[in-house]
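Chemist:
Number of protein chains: 2
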Amino acid sequence: MNIYDVSDRAGVSIATVSRVLNGNHKVSDKTREKVLRVIEECGYTPNAFARGLGLNTMNTIGVMCADSSYPYQAKAIYYIEQNLRANGYDCILCCTGDELERKKECMELLLTKKVDGIILVGSSFVYDKKSENKYIVDAAKQIPVMILNADMDAPNVYCIITDDVKSMEEAGMFLMKNKEDILYLYNAHSNSGKRKIQGFKNACKKSGVGITEERIRYFDGYHENIPAVAQLLETIVNEGVRFSGILCSDDALAMGALRFAWEHNLKVPEDLQVIGYGDSMLVNCCNPGLTSVDTKEEVMCQQLVDTLLQILQGKEMPQKLVFKGKLVLRGTTR
Amino acid sequence: MNIYDVSDRAGVSIATVSRVLNGNHKVSDKTREKVLRVIEECGYTPNAFARGLGLNTMNTIGVMCADSSYPYQAKAIYYIEQNLRANGYDCILCCTGDELERKKECMELLLTKKVDGIILVGSSFVYDKKSENKYIVDAAKQIPVMILNADMDAPNVYCIITDDVKSMEEAGMFLMKNKEDILYLYNAHSNSGKRKIQGFKNACKKSGVGITEERIRYFDGYHENIPAVAQLLETIVNEGVRFSGILCSDDALAMGALRFAWEHNLKVPEDLQVIGYGDSMLVNCCNPGLTSVDTKEEVMCQQLVDTLLQILQGKEMPQKLVFKGKLVLRGTTR
DNA sequence: GTGAAAGCGCTAACAG
DNA sequence: CTGTTAGCGCTTTCAC
Chain A
1 MNIYDVSDRA
11 GVSIATVSRV
21 LNGNHKVSDK
31 TREKVLRVIE
41 ECGYTPNAFA
51 RGLGLNTMNT
61 IGVMCADSSY
71 PYQAKAIYYI
81 EQNLRANGYD
91 CILCCTGDEL
101 ERKKECMELL
111 LTKKVDGIIL
121 VGSSFVYDKK
131 SENKYIVDAA
141 KQIPVMILNA
151 DMDAPNVYCI
161 ITDDVKSMEE
171 AGMFLMKNKE
181 DILYLYNAHS
191 NSGKRKIQGF
201 KNACKKSGVG
211 ITEERIRYFD
221 GYHENIPAVA
231 QLLETIVNEG
241 VRFSGILCSD
251 DALAMGALRF
261 AWEHNLKVPE
271 DLQVIGYGDS
281 MLVNCCNPGL
291 TSVDTKEEVM
301 CQQLVDTLLQ
311 ILQGKEMPQK
321 LVFKGKLVLR
331 GTTR
Chain B
335 MNIYDVSDRA
345 GVSIATVSRV
355 LNGNHKVSDK
365 TREKVLRVIE
375 ECGYTPNAFA
385 RGLGLNTMNT
395 IGVMCADSSY
405 PYQAKAIYYI
415 EQNLRANGYD
425 CILCCTGDEL
435 ERKKECMELL
445 LTKKVDGIIL
455 VGSSFVYDKK
465 SENKYIVDAA
475 KQIPVMILNA
485 DMDAPNVYCI
495 ITDDVKSMEE
505 AGMFLMKNKE
515 DILYLYNAHS
525 NSGKRKIQGF
535 KNACKKSGVG
545 ITEERIRYFD
555 GYHENIPAVA
565 QLLETIVNEG
575 VRFSGILCSD
585 DALAMGALRF
595 AWEHNLKVPE
605 DLQVIGYGDS
615 MLVNCCNPGL
625 TSVDTKEEVM
635 CQQLVDTLLQ
645 ILQGKEMPQK
655 LVFKGKLVLR
665 GTTR
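As given, the protein sequences belong to chains A and B, one line each in that order.
Using my numbering, the letters of the first sequence correspond one by one to residues 1 to 334.
Using my numbering, the letters of the second sequence correspond one by one to residues 335 to 668.
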């Protein structure tokens, strides 16, 4: 069943059927009804590939993420998909992992599939070296590239980011109000990961606390491996480092910190304060509840999609949207 | 830049270019190299829409889920995407929510987009009423439909499921070894949700424990709302129901149970035992660690994709793959 | 308001 | 081994 069959049965030309299909006004009501009836009867739907070939678009957006099972990315994908679909766009999902080479491949693939735009979810897509971001810059020469949570500057690349520096600074200063021995724990050397560290360092400076590398520690493990985080803290203590507060670059790390507290019979927040980042479901999975930074993910994703849609319609849009995180106080801090 | 441009520059016909592109053997090495060089030089990539139109496929699979931000679904999507991509297929993601109407719409849409197969992630897609599964049966008349975690019987519909009855029965019997006052907590009336309840009931029977509705309780709230789960348990206690063990249909509910224990200074597992389902990252987010049923999600997803790929190649495959869950003992049980 | 016809870029059957 | 050509099904311009 194709447009010819419909035109035959309706006794009109394929051009007319096409017009009806596309809501073109220049069709008489009578003809329109006749065509619609036939379409209804036959259950005809236009061939998407043919349409794509003619119009050079199939209304799809490529969504890339490192690992869609990470809670943050999973949420983002959900919000993005919902917003795009509500506007008639499909999502092709690509989980790239962490290797640059795979990211390039996926990007290439999406371009080949002729998506109308690309959304990069998560800050791991943007590197320090300019040369390693070439794949993004190149892609942006063809179609708009939206980046959630990473900051870079190139034509046709749009960044929707949290002001991680400020947000983390605020959280850090909260812990440093009357304590100097705060530990910073992170698990990604990504673009936003670096901004967060900067925020911690800023907090140190502003609070008159010395910055030492032994208090800025990297967790090199699988994000779900909470026990390993606790172990890392054990190692740090064994090195002789003492701390009364831990600032974490995400909530999972904070869960590890709490686990460490349990294992050592430390009272939270009396003996140890903990702050997470992301305000995920994990904040309620512990007792007391986890103080965390709400990064307003849903709003960011909405804005991202809105912006993209406008761009696709040819509008000029801001290259950077910056949101400020909000420290949500719960029981793991005083 | 299209196939004609390439053929011109290489001094061959478009048929030859097409052959080179598709790895057809009947091209001389010399010609092949010449063509490949031109392709390389021009950075030519074939137009996916044109190819799709001719072949009537763009090698995409529709992946439907209710909410990709639920940890279980997020994981499944990740595994499925990885496996499909490794075999040259793209995923179009559709998050449908819980309403049947939206599920139908999404299904329709994917069919219109001419995907090669459809994967339904999560058991909420299959209903009790046969008439409400018609959208699946109809879709399966056109393309294979794979269902993760729900059981139904129709031509061209393939189910990859956990033996929830047996798995839950085993977990229940573990708790009922020497206690009768076990509570069953669930949060979905879905296909697999019902099998799980059946498992609990079986455990009661086999353990000689009476089945009462007041011990089989539904949590009607957002899956991440751990405090609300604890509140529900409070309500149940206030009704006069007592329990020394809680069997939960997923790990998030179990976190709520643990929260309830904290709030009431109940020792786990001495005063209250808890078992979750899914063996998610949450099992390590609490102290002691959560005993849970490992449903081997990754393996199931691999098998699902494998099966689908074989079906697409015309092979006859089993309509149902059943995996048995495994009870992983941790600190919340004795 | 409607129809004829020219693409869109590729694959594959057929002929040589 | 290589080239010619007929689709694949739709949109859109140009006549009428």
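From the three backbone atoms N, C-alpha and C, an ideal C-beta is built for every residue, glycine too.
Count Cβ pairs between the segment 500 to 512 of chain B and the segment 482 to 491 of chain B that sit closer than 8 Å; are there 3 or more?
Modeler: No: fewer than three Cβ pairs fall under 8 Å.
Chemist: Short of 8 Å in beta carbon distance, which residues of its chain neighbour residue 506 of chain B, apart from the five on each side in sequence? Order them along the chain.
Modeler: 516, 518, 533, 534, 536, 537, 538, 541, 581
Chemist: By the three-class DSSP mapping on this structure, what secondary structure does residue 343 of chain B have?
Modeler: helix
Chemist: DSSP on residue 577 of chain B, reduced to helix/strand/coil?
Modeler: Note: residue 577 of chain B maps to coil in three-state DSSP.
Chemist: How would you list, in chain order, the residues of chain B whose beta-carbon sits under 7 Å from the beta-carbon of residue 98 of chain A?
Modeler: Simply none; closest approach about 13 Å.
Chemist: Are residue 454 of chain B and residue 398 of chain B closer than 8 Å when you measure CB to CB?
Modeler: yes
Chemist: Where DSSP assigns a beta bridge to residue 363 of chain B, which residues make up the other side?
Modeler: Residue pairing by DSSP leaves residue 363 of chain B without any beta bridge partner.
Chemist: With a threshold of 8 Å between beta-carbons, can residue 619 of chain B be considered close to chain A, or not?
Modeler: yes
Chemist: Are the C-beta of residue 594 of chain B and some C-beta of chain A separated by less than 8 Å?
Modeler: no
Chemist: How many angstroms separate the CA atom of residue 157 of chain A from the CA atom of residue 96 of chain A?
Modeler: Distance between the alpha carbons of residue 157 of chain A and residue 96 of chain A is about 19 Å.
Chemist: Tell me the DSSP secondary structure of residue 315 of chain A in three-state form.
Modeler: coil
Chemist: Checking 8 Å against the spacing of the C-beta atoms, do residue 192 of chain A and residue 164 of chain A come in under that value?
Modeler: yes
Chemist: Could you tell me if residue 496 of chain B is buried or exposed, where buried requires 16 or more neighbouring beta carbons within 10 angstroms of its beta carbon?
Modeler: Residue 496 of chain B comes out buried.
Chemist: Got a sec, what are the start and stop residues for the alpha helix (DSSP H) residue 351 of chain B sits in?
Modeler: Unbroken alpha helix (DSSP H) run through residue 351 of chain B: 348 to 355.
Chemist: Determine whether the beta carbon atoms of residue 325 of chain A and residue 293 of chain A lie at a separation below 8 Å.
Modeler: yes
Chemist: Just how far apart, CA to CA, sit residue 39 of chain A and residue 33 of chain A?
Modeler: Distance between the alpha carbons of residue 39 of chain A and residue 33 of chain A is about 10 Å.
Chemist: Helix, strand or coil: how does DSSP classify residue 102 of chain A here?
Modeler: Residue 102 of chain A falls in the helix class under three-state DSSP.
Chemist: Quick one: grab the DSSP three-state call for residue 75 of chain A.
Modeler: helix
Chemist: Give the residues of chain B in contact with residue 91 of chain A, contact being defined as C-beta atoms less than 7 Å apart.
Modeler: The answer, in chain order, is 426, 427.
Chemist: Give a yes or no on whether 8 Å exceeds the smallest Cβ distance from residue 607 of chain B to chain A.
Modeler: no
Chemist: Select from B:603, B:462, B:420 the residue whose C-alpha is nearest the C-alpha of residue 434 of chain B.
Modeler: B:462
Chemist: Tell me which residues of the segment 547 to 577 of chain B have at least one Cβ-Cβ distance to chain A shorter than 7 Å, keeping chain order.
Modeler: 558, 560, 561
Chemist: Determine the burial state of residue 465 of chain B: buried for a count of at least 16 other Cβ atoms within 10 Å of its Cβ, exposed for fewer.
Modeler: exposed
Chemist: Counting only beta-carbon separations shorter than 8 Å, does residue 403 of chain B have a partner in chain A?
Modeler: yes
Chemist: Thinking C-alpha only, which one of A:126, A:114, A:166, A:122 is nearest residue 142 of chain A?
Modeler: It is A:114.
Chemist: Any idea what DSSP makes of residue 138 of chain A, helix, strand or coil?
Modeler: helix
Chemist: The beta strand (DSSP E) that contains residue 657 of chain B, what's its start and end?
Modeler: Start and end: 654 to 657.
Chemist: CA-CA distance, residue 460 of chain B and residue 566 of chain B?
Modeler: 27 Å
Chemist: Taking the beta strand (DSSP E) that residue 159 of chain A belongs to, which residues open and close that run?
Modeler: 157 to 162
Chemist: Given that a residue counts as buried once 16 or more other Cβ atoms are within 10 Å of its Cβ, and exposed if not, what is residue 159 of chain A?
Modeler: buried
Chemist: Going by beta-carbon coordinates alone, are residue 50 of chain A and residue 387 of chain B separated by less than 8 Å?
Modeler: yes
Chemist: Between the beta-carbon of residue 139 of chain A and the beta-carbon of residue 107 of chain A, is there less than 8 Å?
Modeler: yes
Chemist: Anything in chain A within Cβ reach of residue 415 of chain B, meaning under 8 Å, just list it in chain order.
Modeler: The contacting residues are 68, 93, 94, 95.
Chemist: Since residue 337 of chain A and residue 110 of chain A are thought to touch, with beta carbons under 8 Å apart, how far apart are those beta carbons, to the nearest angstrom?
Modeler: The structure shown has nothing for residue 337 of chain A, since chain A only spans 1 to 334.
Chemist: Quick one: which residues of the segment 465 to 487 of chain B get their C-beta closer than 8 Å to a C-beta of chain A? List them in chain order.
Modeler: Residues passing the 8 Å Cβ filter: none.
Chemist: Excluding the five sequence neighbours on either side, which residues of its own chain have a C-beta within less than 6 Å of the C-beta of residue 334 of chain A, listed in chain order?
Modeler: 269
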